[in-house]
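> Numbering (my numbering), first residue to last: 35 to 364. Attaching a single structure in structure tokens format; questions to follow.
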């Protein structure tokens, strides 16, 4: 599907962008892979790994999703867009709420309008469990972003541009996640846990990228894809990573949830189950007809897909095996 196509990744210098680029270059022969981000040093570092000499299809655009004019230039001739750019840090978003809104909400609107204007075929936006019943501003902005991308299919009208969303939980070893923190804390002999009851979903970068790339094949526009992934208790995670360390409970942080939820009870009436994933169909009479043919098994009423009620769990040994295959910066 991606052979001889142009793919643009916003926020492409992040953990997802690195892995996605690696897999696109390994599995396909794209015409162009465009990295669109605002950090010139991260682009410099990424170009050393994926140089334009070794990979002539690579392109690096300095730009911000807040800048619609720059997006217009970058999207020219692009077939597919993966929208990974976002302000993701909860404390930073709480302290700088207007900036989070500019990037996560207005930036999403710019992506949608520019994709339609330039004739992009398909756009997939990355979402997060924090967008479900949000408890912090970051989650609220991502909920708004998800709604915008679903509604983008209505904005496109008779145009050919399709928009969908992919939602998943914690990525093992990604920058800013708890695993690099535990690796660093392990040296001190003390690992900090906010609450011993806390559970989280876990997915590897490769799994997340594969799920997004598969989404381009599956999407009909307007749906939210949710992959089935295992859960783990945070105390079990700490014990696995630092069996000889003291575990210190420091209390739940502002805006933090005990458990992650990726499908709420309110969304259950529009959710269908497939083999290894769920699809939340758009709650819009204008888009429902196109979903009559895609199949799937309707979930039970009041169904909730949360990390504490999950049917699939991983233990410490499984997680250590996952970590051993990764290059994680502490």
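Virtual Cβ for every residue (Gly too), placed ideally from N, Cα, C.
Could you give the residue range of the beta strand (DSSP E) that holds residue 267?
Residue 267 sits at position 233 when you count from the first residue of the chain shown. Where residue 267 is concerned, the enclosing beta strand (DSSP E) stretches over 265 to 267.
> By how many angstroms is the C-alpha of residue 95 removed from the C-alpha of residue 128?
What you label residue 128 is simply residue 94 of the chain shown in a count that begins at 1. What you label residue 95 is simply residue 61 of the chain shown in a count that begins at 1. About 29 Å.
> Determine the contact status of residue 193 and residue 150, defining contact as a CB-CB distance below 8 Å.
Looking up residue 193 in the chain shown gives position 159. Looking up residue 150 in the chain shown gives position 116. It is a contact, given that the beta carbons lie within the stated cut-off.
> Would you grab the beta carbon distance between residue 199 and residue 259 for me? Rounded to a whole angstrom, and I think it's under 8 Å.
Taking the first residue of the chain shown as position 1, residue 199 is located at position 165. Taking the first residue of the chain shown as position 1, residue 259 is located at position 225. Rounded, the Cβ-Cβ distance is 7 Å, consistent with contact.
> Per the DSSP calculation, residue 282 is bridged to which residue(s)?
Taking the chain shown and counting its residues from 1, the one referred to as residue 282 is at position 248. Paired residues: 226.
> Measuring CB to CB, does residue 274 end up less than 8 Å from residue 281?
As a first step, residue 274 must be located in the chain shown, where it is residue number 240. As a first step, residue 281 must be located in the chain shown, where it is residue number 247. For residue 274 and residue 281, no; Cβs fall outside 8 Å.
> Per DSSP, what kind of secondary structure is residue 77 in: helix, strand or coil?
To locate residue 77, count along the chain shown from 1; it is residue 43. Helix, per DSSP.
> Following the continuous alpha helix (DSSP H) through residue 50, name the residue where it begins and the one where it ends.
Working through the chain shown from its first residue, we reach residue 50 at position 16. Start and end: 49 to 61.
> Return the chain-ordered list of same chain residues with a C-beta closer than 6 Å to the C-beta of residue 317, the five sequence neighbours on each side being excluded.
For the purposes of this step, residue 317 is taken as residue 283 along the chain shown, with counting starting at 1. Around residue 317: 304.
> Compute the distance between the beta-carbons of residue 36 and residue 58, then report whether it is under 8 Å.
Working through the chain shown from its first residue, we reach residue 36 at position 2. Working through the chain shown from its first residue, we reach residue 58 at position 24. Closer than 8 Å, so yes.
> Just the Cα atoms here: how many angstroms apart are residue 215 and residue 164?
Along the chain shown, read from residue 1 onward, the residue named residue 215 stands at position 181. Along the chain shown, read from residue 1 onward, the residue named residue 164 stands at position 130. So the alpha carbons of these two residues sit roughly 20 Å apart.
> Report yes if the C-beta distance between residue 71 and residue 233 is below 8 Å; otherwise report no.
Walking along the chain shown from the start, residue 71 turns up at place 37. Walking along the chain shown from the start, residue 233 turns up at place 199. Not closer than 8 Å, so no.
> Buried or exposed, going by whether 16 or more other CB atoms sit within 10 Å of the CB of residue 170?
By one-based count along the chain shown, residue 170 stands at place 136. When all chains shown are included, residue 170 counts as buried.
> Can you check the region 138 to 193 for any beta strand (DSSP E) of at least 3 residues that lies completely inside it and give the ranges in chain order?
Uninterrupted beta strand (DSSP E) stretches at least 3 residues long and entirely within the region 138 to 193 occur at 156 to 162, given in chain order.
> Which same chain residues, not among the five before or five after residue 211, have their C-beta less than 8 Å away from its C-beta?
On the chain shown, position 177 is the one that residue 211 refers to. Cβ neighbours of residue 211 beyond the five flanking positions: 204 and 205.
> Using 8 Å as the threshold, is the C-beta distance between residue 201 and residue 161 below it?
Position 167 of the chain shown, counted from the first residue, corresponds to residue 201. Position 127 of the chain shown, counted from the first residue, corresponds to residue 161. For residue 201 and residue 161, yes; Cβs fall inside 8 Å.
> Can you list, in chain order, the residues of its chain whose CB lies under 7 Å from that of residue 51, leaving out five sequence neighbours each side?
Start at 1 with the first residue of the chain shown, and residue 51 comes out as number 17. 43, 45, 69 and 118, listed in sequence order.
> Are the Cβ atoms of residue 249 and residue 184 separated by less than 8 Å?
Residue 249 sits at position 215 when you count from the first residue of the chain shown. Residue 184 sits at position 150 when you count from the first residue of the chain shown. For residue 249 and residue 184, no; Cβs fall outside 8 Å.
> Quick check on this structure: which residue in 296, 337 and 157 has the alpha carbon closest to the alpha carbon of residue 252?
Sequence index remark: in the chain shown, residue 252 carries index 218 (1-based). Of 296, 337 and 157, the residue nearest in Cα terms is 157.
> Use the C-beta contact count for residue 144: other C-beta atoms within 10 angstroms, 16 or more gives buried, fewer gives exposed.
Translated into positions along the chain shown, residue 144 becomes position 110. Flag for residue 144 reads buried.
> Within its chain, find whatever has a CB closer than 8 Å to the CB of residue 189; leave out the 5 residues flanking it on each side and keep chain order.
Walking along the chain shown from the start, residue 189 turns up at place 155. If we look at residue 189 and ignore the five residues flanking it on each side, its Cβ neighbours are 146, 147 and 150.
> For residue 76, which residues of its own chain have a beta-carbon under 7 Å away from its beta-carbon, when the five flanking residues on both sides are left out?
Numbered from its first residue, the chain shown carries residue 76 at position 42. Closer than 7 Å at Cβ, skipping near neighbours: 47.
> Quick one: is residue 114 buried, meaning 16 or more other Cβ sit within 10 Å of its Cβ, or exposed?
Walking along the chain shown from the start, residue 114 turns up at place 80. Buried, by the Cβ-count rule.
> Identify whether residue 416 lies in helix, strand or coil by the three-state DSSP scheme.
For the chain, the structure presents residues 35 to 364; residue 416 sits outside this window and is missing.
> Could you give the C-beta distance for residue 312 and residue 339, rounded to a whole number, given that I count them as a contact under 8 Å?
Position 278 of the chain shown holds residue 312. Position 305 of the chain shown holds residue 339. Their Cβ separation, rounded to whole angstroms, is 7 Å, which keeps residue 312 and residue 339 in contact under 8 Å.
> Specify the secondary structure class of residue 364 as computed by DSSP and reduced to three states.
For this step, residue 364 is matched to residue 330 along the chain shown. Summary for residue 364: the model assigns pLDDT 49, below 50, so the residue's position carries little reliability, and this model does not support an answer.
> Quick check on this structure: which residue in 78, 240, 103 and 155 has the alpha carbon closest to the alpha carbon of residue 357?
To locate residue 357, count along the chain shown from 1; it is residue 323. Looking from the CA of residue 357, the closest CA among 78, 240, 103 and 155 belongs to 240.
> Would you please state the rounded distance, in angstroms, between the beta carbons of residue 92 and residue 67? I believe it to be under 8 Å.
Locating residue 92 in the chain shown gives position 58, counting from the first residue. Locating residue 67 in the chain shown gives position 33, counting from the first residue. Right, their Cβ atoms sit about 6 Å apart.
> Please classify residue 288 as buried or exposed, where buried requires at least 16 other C-beta atoms within 10 Å of its C-beta.
Counting from one through the chain shown, the residue named residue 288 turns up at place 254. Exposed, since its Cβ has fewer than 16 Cβ neighbours within 10 Å.
> With a CB to CB cut of under 6 Å and the five nearest residues on each side skipped, what residues in its chain are close to residue 124?
In the chain shown, residue 124 corresponds to position 90, counting from 1. 170, 172 and 289.
> Is the separation between the beta-carbon of residue 265 and that of residue 349 shorter than 8 Å?
Taking the first residue of the chain shown as 1, we reach residue 265 at position 231. Taking the first residue of the chain shown as 1, we reach residue 349 at position 315. Judged by their CB atoms, residue 265 and residue 349 are not nearer to each other than the 8 Å cut-off.
> So residue 330 packs on residue 307, CB below 8 Å; how close in whole Å?
Here residue 330 refers to the residue found at position 296 of the chain shown. Here residue 307 refers to the residue found at position 273 of the chain shown. Rounded, the Cβ-Cβ distance is 6 Å, consistent with contact.
> On the DSSP bridge assignment, give the partners of residue 92 in chain order.
If you number the chain shown from 1, residue 92 lands on position 58. DSSP, once it has assigned bridges, lists 67 as partnering residue 92.
> In whole angstroms, what separates the C-alpha of residue 49 from that of residue 153?
Here residue 49 is taken as the residue at index 15 of the chain shown, counted from 1. Here residue 153 is taken as the residue at index 119 of the chain shown, counted from 1. The straight-line gap from Cα to Cα measures roughly 28 Å.
> If we count the other Cβ atoms within 10 Å of its Cβ and call it buried at 16 or more, is residue 141 buried or exposed?
Indexing the chain shown from 1 puts residue 141 at position 107. Answer is buried; the Cβ neighbour count reaches 16.
> Would you call residue 227 buried or exposed, if buried means 16 or more other Cβ atoms sit within 10 Å of its Cβ?
Position 193 of the chain shown, counted from the first residue, corresponds to residue 227. Buried, by the Cβ-count rule.
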